[in-house]
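The next block holds one structure in the form of structure tokens; read it before the comments.
Protein chains in written order, with the working numbering: chain A, 34 to 396; chain B, 34 to 396.
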């Protein structure tokens, strides 16, 4: 089943194309966009070995001139130094303004390639070919690009919309189970914040923690409903002035957990899972959400094989301190996205530190 | 005399306010924009010593919390490393998304501060307080920000529009004569490409090379007509898709000259002056422009105390090679802006290398 989701922004629009086997049609998809001939394909060693040749073959068949650059794998390399390497490669290959950078990989590759594309010659074309569940349904959509500062995730970045997001669900077959589960955290998030129908479909499934045991119809639904949710929200709020903040559900505590564990011990999706459990509890403490619905959320998180507890040994005061340097801080106040019912959330900066502390102590 | 020029862009608008003594009203001007309380003032040592205290006093009087950061002076420091220092300062001062970076200085300070503002937290507020003639009438307007790559000027950057450009003509009194003249190169450029009336006013003046000997009415006219020309062009073409290319008149050869002389020997405006002389000659060779009007242009350039010859010892083949890595290259072809009459230009990528060589040899 192939589907196309339209992302309509004030000055731009682009497609999210979801189709099995579409990796081999990358060149064809790009031809219709009238881009320049030069393409820089950016990937990591693992993904490039699995899918690089097919992507390049498809691009060459469509008459693109292709260079490729392999960034080292992992959040640890999501730095300005990596971006400088991309700039040097862009220069060596004489990438002009009509050229295109294609990100073939997960969120880290997408964020970095997007930032390099945003800032090379003040912005060149950019295409996302996400290969992880997380990147497919979240990171690749919406134009957020960037790298980490030694003291905080994604503090450096730019908004730069892709010209196309091409999703080939078949590549999920090689995704490690732990990363598949991490992606499911954001799927569950869309269920809680936006799409009660998606939440219900997830609840109805026997299994959520292994790609191979999930019915292909549910995989379709997970991809299309999640991408649609993200597209709906970013179309209404390209630059995070308001509505888009709801996508940060689970991310306030989540980012602090990631940051304090050095971006290595806990995957982003796992941190978001922990953050959603915390946010749910905070909402209950504030009388905004029912204990029963919180439990339904937490049951889904557990069914997806995701953590619901803080990593052992994490200092709670350090978490509270880390919240202060998050991008979501406004006028010194930490902003939380809190559920009010399944499918709906609210945003508040009125959460007393004591409530945060109390909830974290229990986790 | 105070004037306000409106810059209207599809998703944004801002004022260029030109008023003597306005440096002391910076805080008031900013209050009307409803920005967050935190301000990071970025300057260089010379300008900060001359005007930093007045700017800070005005900001504090308007209840802003002000931090400042002094970047070393000069194009040599227009690097990603300087931007990293700005990121660190932003982090230390906990600049949130509602915060504002204010650039107090010339084009280098404006470009770097703008790029840091464009990429910190994916974009915070940015205000230009230009202190050189060149920055007032060109660099500060239009949202181009960036830094140099070791192998090319402004190869790294972003479009990020300021919320306000505040021009206090009084600060030109401390601008070194050589820099004033360099700014006049871009003023003459507006005369040639857009505003025949401005060209005529410049021709009518006895003196163009010393601020102190130019009638204050002409200074007014230079600032307002130049800013209006730039605002007109960028309003019609925010991201350099078409019309905006005409602003690169004199810049094709100019950038190559700057790059090959290491950005130190020749000021940007001086390089543009040389580039305009070359472009004029190329236009004549191609039968597009008259020898007589070229001479009128060159006479203005000379009257402004600007160079009309290539720096001694510059290798002409090196210039032709350098043209190939300029941002203005499209599909391998070098783009030139060429005059057809005073006040009008055309853009072409059909200039044979032999003609370029022939013109450069004569210079």
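We treat Cβ as the ideally placed atom computed from N, Cα and C, and that holds for glycine.
Keep in mind that this is a model prediction, so the values were computed, not measured.
| field | chain B contact for residue 358 (chain A) (CB, 8 angstroms cutoff) | value | yes
| task | Can you tell me the Cβ-Cβ gap for residue 168 (chain A) and residue 158 (chain A), rounded? I've got them flagged as a contact below 8 angstroms. | result | With 8 angstroms as the limit, residue 168 (chain A) and residue 158 (chain A) do not qualify as a contact, their Cβ atoms being about 19 angstroms apart.
| Does the beta carbon of residue 194 (chain B) sit closer than 8 angstroms to a beta carbon anywhere in chain A? | no
| said: With a threshold of 8 angstroms, are at least 3 pairs of Cβ atoms found where one atom belongs to the region 89-96 of chain A and the other to the region 111-121 of chain A? | reply: In short, these stretches do not touch, since the Cβ pair count stays below three.
| task | Look up residue 379 (chain B) in the DSSP assignment and give the residues it is bridged to. | result | Residue pairing by DSSP places residue 379 (chain B) opposite B:371 in a beta bridge.
| query | Between the C-alpha atoms of residue 367 (chain B) and residue 388 (chain B), what's the straight-line distance to the nearest angstrom? | reply | 13 angstroms
| said: Within a Cβ cutoff of 8 angstroms, which residues of the same chain sit near residue 180 (chain A), ignoring the five residues on either side of it in sequence? | reply: Excluding sequence neighbours, residue 180 (chain A) sits near 111, 112, 113, 115, 116, 144, 145, 148, 187, 189, 190.
| query | The beta strand (DSSP E) with residue 192 (chain B) in it runs from where to where? | reply | 185-192
| query | Among B:125, B:107, B:154, which one has its Cα closest to the Cα of residue 138 (chain B)? | reply | B:107
| Closer than 8 angstroms to chain B by CB, residue 325 (chain A) | No - not a single Cβ of chain B is within 8 angstroms of the one on residue 325 (chain A).
| query | In chain order, which continuous runs of the alpha helix (DSSP H) of length 4 or greater are located wholly inside the region 127-179 of chain A? | reply | 140-152
| message | Is there a C-beta anywhere in chain A that falls below 8 angstroms from the one on residue 377 (chain B)? | response | no
| message | Out of A:381, A:372, A:224, which one is the CA nearest neighbour of residue 324 (chain A)? | response | A:372
| Identity of the residues DSSP links to residue 100 (chain B) by a beta bridge | B:73
| request: Would you kindly check if the distance between the Cβ of residue 56 (chain B) and the Cβ of residue 87 (chain B) is under 8 angstroms? | output: Yes, the pair counts as a contact, with Cβ atoms nearer than the cut-off.
| query | Whose CA, out of B:66, B:355, B:198, lies closest to the CA of residue 171 (chain B)? | reply | B:198
| task | With DSSP as the reference, please indicate the residues paired to residue 48 (chain B) in a beta bridge. | result | B:39, B:197
| request: Only counting runs of 4 or more residues, tell me where the alpha helix (DSSP H) segments fall wholly within the region 252-312 of chain A, in order along the chain. | output: 284-293
| The alpha helix (DSSP H) with residue 110 (chain B) in it runs from where to where? | Careful: residue 110 (chain B) lies outside any alpha helix (DSSP H) and carries neither H nor E.
| Which residues in the same chain have their Cβ closer than 8 angstroms to the Cβ of residue 314 (chain A), if we skip the five residues on either side of it in sequence? | Excluding five sequence positions before and after residue 314 (chain A), the CB atoms of its chain that fall closer than 8 angstroms to its own CB belong to 327, 392, 395, 396, given in chain order.
| said: I'd like to know whether the C-beta of residue 32 (chain B) is nearer than 8 angstroms to at least one C-beta of chain A. | reply: The question about residue 32 (chain B) has no answer, for chain B in this structure spans 34 to 396.
| message | My assumption, with CB atoms under 8 angstroms, is that residue 279 (chain B) sits in contact with residue 378 (chain B). Please give the rounded CB distance. | response | 5 angstroms
| Mind checking residue 192 (chain A): buried by the 16 CB within 10 Å criterion, or exposed? | buried
| task | Would you check if the region 273-293 of chain A and the region 345-354 of chain A touch, i.e. whether three or more CB-CB distances between them fall below 8 angstroms? | result | yes
| said: Which residues in chain A have a C-beta closer than 8 angstroms to the C-beta of residue 322 (chain B)? List them in chain order. | reply: Here the premise fails: no neighbours, minimum Cβ distance about 27 angstroms.
| task | Run the CB neighbour count on residue 297 (chain B), radius 10 Å, all protein chains shown included, and call it buried at 16 or more, exposed below. | result | exposed
| said: Quick check: is the beta carbon of residue 179 (chain A) nearer than 8 angstroms to any beta carbon in chain B? | reply: yes
| message | Does residue 336 (chain A) come out as helix, strand or coil in the three-state DSSP assignment? | response | helix
| request: With 9 angstroms as the limit, tell me which residues of the region 97-130 of chain B have their beta carbon closer than that to any beta carbon of chain A; keep them in chain order. | output: 113, 116, 117, 120, 121, 123, 124, 127, 129, 130
| message | Could you give the first and the last residue of the continuous alpha helix (DSSP H) run that contains residue 391 (chain B)? | response | 386-395
| task | Output, in chain order, the set of chain B residues within a Cβ distance shorter than 8 angstroms of residue 153 (chain A). | result | 188, 189
| said: Under 8 angstroms, with one C-beta from each stretch per pair, do the region 306-321 of chain B and the region 244-256 of chain B reach the 3-pair mark? | reply: no
| query | At a Cβ cut of 8 angstroms, what residues of the region 156-176 of chain A count as close to chain B, listed as they run along the chain? | reply | 156
| CB of residue 174 (chain B) within 8 angstroms of CB of residue 260 (chain B), strictly | Their beta carbons are under 8 angstroms apart, which means residue 174 (chain B) touches residue 260 (chain B) by this criterion.
| Once you ignore the five residues that flank residue 268 (chain B) on each side, which residues in its own chain have a CB closer than 8 angstroms to its CB? | Cβ within range, chain order: 40, 41, 42.
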